[in-house]
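In what follows, a structure is listed as structure tokens, so that the remarks can point back to it.
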Amino acid sequence: MFADAVLVARKDLTLELRSRVATNQILPLAILVLVVFAFALDANTTMLRIAGPGLYWVAVLFAGLLVVQRAFSIESADGIHDALRLSGLEPSAMFLGKLVSVGVQLLVLEAALLVGVILFFDVGISDIALIVSAAMTGTVAFAAAGVIYGVLSLGVRIRETLLPLLAVPVVAPVLLAATRAFEPAVGVTAASGWNWVALLVVVAAVYTALGLVSFGPLLEDG
Amino acid sequence: MALTRPSLLPPRSTAAPTASVATRLLGGMSVVMIAVTVLLALAVTPADVVQGEAVRLMYAHLPTIWVAYGSFLVAAGASALYLWPRTRRRHWDRVAGATAEVGTVFTALCLVTGMLWGRITWGVYWQWDARLTTTLLLFVVYLGYLAVRRLPAEPVVRSRRSAITALIAVVNIVIVRYSVDWWNTLHQKASLTASDPEITGEMLGALLFAFVSFTVLASWLIVHRYRLIRMEELRDEEGLLRAIAERRAEAGLGVAG
């Protein structure tokens, strides 16, 4: 099963590396979102610093949705969807593979955005362990939810609009918890962020389990 | 020889009304009960000591969320029954569709009445309270569910897809509720319910009556919606047969001409 998952993840990541859509289009867009936030808040550095963790995760949400859409739009052309179904790969392995490829792309995105908020919003990091744990667990939860709904909207004509409507409410608690975990890590609040990381772990586990179970039936249906 | 244009009317077998004697009775009952609820809420019950006349919104507000949660519970149960191979029947898919749709409408009503009530008692339409936030996301989640139901697909595919979405929605709502609850306990001090007085006497009676009458109303709507879904399915099946027959007739004409 894990060998199959690696196969799927490697295929996706190779495609992304060669097409460079993620790095040349999604990443610049994510940075643009940060710039637009500065416009919206009138370049008020104090306010940007305080709101930084929230703005950061909203930017991750916007750009991350594009990553998820992209992960499934590459499957819908040239009958790859049918090829995947006939490939004999374990559906749960395909889910894990997609989870890894989306997750890796999200992590790259998050790293770049983190640099962005440090540079543009003057956010200073005081607890790097908390940042990394929250980002890792938040990424798994985001990717799992995204992959479940990505496969559901595979082959649907209105995918571009349907996927965000389905995915955002599911990602909303992840956004909330990850933001709250980031706040103490950048010194905005004094509260402990580890409780929120624990919540993220639970959410990531729940959505991964849901995805492992439901990916097969949803893929067959598409 | 002129081609007969396909009629725009639905096929005859699906043109029957969705009403039966039982539903007419149910409908009549819900109209009367809602009328009595309005009377109880506006005239019979007293104004509240703390909230004044605004408390009368309660008789519309609380039953809507009760109906919404009840409908979503039934929708989740029906979806689970549909997914379980032994109990898989189209019937459960229709139950899920009908109840989820009625539930979504009542969630919207709950949000509207709640915001009006909030404006009067708190001075603002919205507070980022755990219950409000959860209800808003509940509404959006079920809009997504209804969007999934409307995706064009084979009936079996659509039913399974919707059933899975409905179950994910339930899990999602539990997580949302938990996380915003936690968010609130950490960040907000005042609880909105603290100022609400105990509900007793004729107010309690009127409220219980409102719960029953809204439940009757919702059941009536759900039965009709269920029958409508059944008719839509019939129309789709029959539409295909008709289309085949028409194409055949056209081909026949072509040969003759």
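Protein chains in written order, with our numbering: chain A, 37 to 258; chain B, 1440 to 1696. Glycine included, C-beta positions come from ideal geometry on N, C-alpha and C.
Looking only at its chain, what residues have a beta carbon closer than 6 angstroms to the beta carbon of A/Leu43, apart from the 5 residues adjacent to it on each side? Residue mapping note: residue 43 of chain A aligns to position 7 of the first sequence, counting from 1. Here the set comprises nothing.
Could you tell me whether any Cβ in chain B is nearer than 8 angstroms to the Cβ of A/Ile167? Here the question's residue 167 of chain A lines up with position 131 in the first sequence. Closer than 8 angstroms: no.
8 angstroms is my cut-off, CB to CB: does A/Ala213 come that close to chain B? Position 177 of the first sequence holds residue 213 of chain A. Yes, because at least one Cβ of chain B sits closer than 8 angstroms to the Cβ of A/Ala213.
In the DSSP assignment, the alpha helix (DSSP H) including A/Arg106 goes from what residue to what residue? Residue 106 of chain A sits at position 70 when you count from the first residue of the first sequence. Unbroken alpha helix (DSSP H) run through A/Arg106: 81-112.
Quick one: grab the DSSP three-state call for B/Asp1532. Start at 1 with the first residue of the second sequence, and residue 1532 of chain B comes out as number 93. Taken through DSSP and simplified to helix, strand or coil, B/Asp1532 comes out as helix.
At a Cβ threshold of 8 angstroms, is B/Asn1611 touching chain A? If you number the second sequence from 1, residue 1611 of chain B lands on position 172. So yes, B/Asn1611 belongs to the interface.
When burial is assigned at 16 or more other CB atoms within 10 Å of the CB, is A/Leu122 buried or exposed? Looking up residue 122 of chain A in the first sequence gives position 86. With a 10 Å radius around the Cβ and a threshold of 16 neighbouring Cβ atoms, A/Leu122 comes out exposed.
Opening and closing residue of the alpha helix (DSSP H) in which B/Met1497 lies: Walking along the second sequence from the start, residue 1497 of chain B turns up at place 58. That run of the alpha helix (DSSP H) goes 1497-1522.
Close-in-space but distant-in-sequence residues of the same chain around B/Thr1453 (CB under 6 angstroms, 5 per side omitted): The residue given as residue 1453 of chain B occupies position 14 in the second sequence. At B/Thr1453, the pLDDT of 49 sits below 50, so the modelled position is not reliable; the number obtained from the coordinates is stated separately. Annotation for B/Thr1453: Met1670, Leu1673, Arg1674 place their beta carbon closer than 6 angstroms to its own, counting only its chain and skipping 5 residues before and after.
Thinking C-alpha only, which one of A/Gln141, A/Gly186, A/Leu198 is nearest A/Ala171? In the first sequence, the residue the question calls residue 171 of chain A occupies position 135. Closest option to A/Ala171, Cα to Cα, is A/Gln141.
Determine the extent of the alpha helix (DSSP H) in which A/Ala74 is found, giving its start and end residues. As a working note, residue 74 of chain A is residue 38 in the first sequence. According to the DSSP assignment, A/Ala74 belongs to the alpha helix (DSSP H) that extends over 63-76.
Determine the direct distance from the alpha carbon of B/Gly1516 to that of B/Ala1602, and round the result to whole angstroms. Taking the first residue of the second sequence as position 1, residue 1602 of chain B is located at position 163. Taking the first residue of the second sequence as position 1, residue 1516 of chain B is located at position 77. Approximately 10 angstroms, taken between the alpha carbons.
Contact set for B/Thr1526: own chain, Cβ-Cβ below 7 angstroms, skip 5 residues either direction: Along the second sequence, read from residue 1 onward, the residue named residue 1526 of chain B stands at position 87. Cβ neighbours of B/Thr1526 beyond the five flanking positions: Leu1520.
Confirm, please, whether the CB-CB distance from B/Tyr1498 to B/Ala1649 is below 8 angstroms. Walking along the second sequence from the start, residue 1649 of chain B turns up at place 210. Walking along the second sequence from the start, residue 1498 of chain B turns up at place 59. Contact: yes.
Residues near B/Leu1667 by beta carbon distance below 7 angstroms, same chain, minus five either side: Looking up residue 1667 of chain B in the second sequence gives position 228. Thr1457, listed in sequence order.
Check A/Leu53 in the structure and name its three-state DSSP category. Taking the first sequence and counting its residues from 1, one reaches residue 53 of chain A at position 17. Secondary structure at A/Leu53: helix, using DSSP grouped into helix, strand and coil.
If the cut-off is 9 angstroms on Cβ atoms, which residues from the region 1507-1533 of chain B count as contacting chain A, listed in chain order? Close to chain A, meaning a Cβ-Cβ distance shorter than 9 angstroms, are the following residues of the region 1507-1533 of chain B: Leu1522.
Does B/Pro1591 pass the burial test, meaning 16 or more other C-beta atoms within 10 Å, or should it be called exposed? As a working note, residue 1591 of chain B is residue 152 in the second sequence. Under the 10 Å beta carbon count, B/Pro1591 is surrounded by fewer than 16 other beta carbons and is classified as exposed.
Return the Cβ separation of A/Val104 and A/Val138 in integer angstroms, given the expectation that the two are a contact with Cβ distance under 8 angstroms. For the purposes of this step, residue 104 of chain A is identified with residue 68 of the first sequence, where counting begins at 1. For the purposes of this step, residue 138 of chain A is identified with residue 102 of the first sequence, where counting begins at 1. About 6 angstroms; that satisfies the 8 angstroms criterion.
When you compare the CB of B/Thr1460 with every CB in chain A, is at least one pair closer than 8 angstroms? The sequence position of residue 1460 of chain B within the second sequence is 21, counting from 1. The amino acid at residue 1460 of chain B is misidentified as Thr; the sequence shows Val. Output row for B/Val1460: interface = no.
At what residues does the alpha helix (DSSP H) containing A/Phe157 begin and finish? Reading the first sequence from its first residue, position 121 is the one you call residue 157 of chain A. Where A/Phe157 is concerned, there is no enclosing alpha helix (DSSP H), given that its DSSP letter is neither H nor E.
If we call anything under 8 angstroms between Cβ atoms a contact, is B/Thr1543 one with B/Leu1575? Your numbering for residue 1543 of chain B matches position 104 in the second sequence. Your numbering for residue 1575 of chain B matches position 136 in the second sequence. Note that the C-beta distance between B/Thr1543 and B/Leu1575 is not below 8 angstroms.
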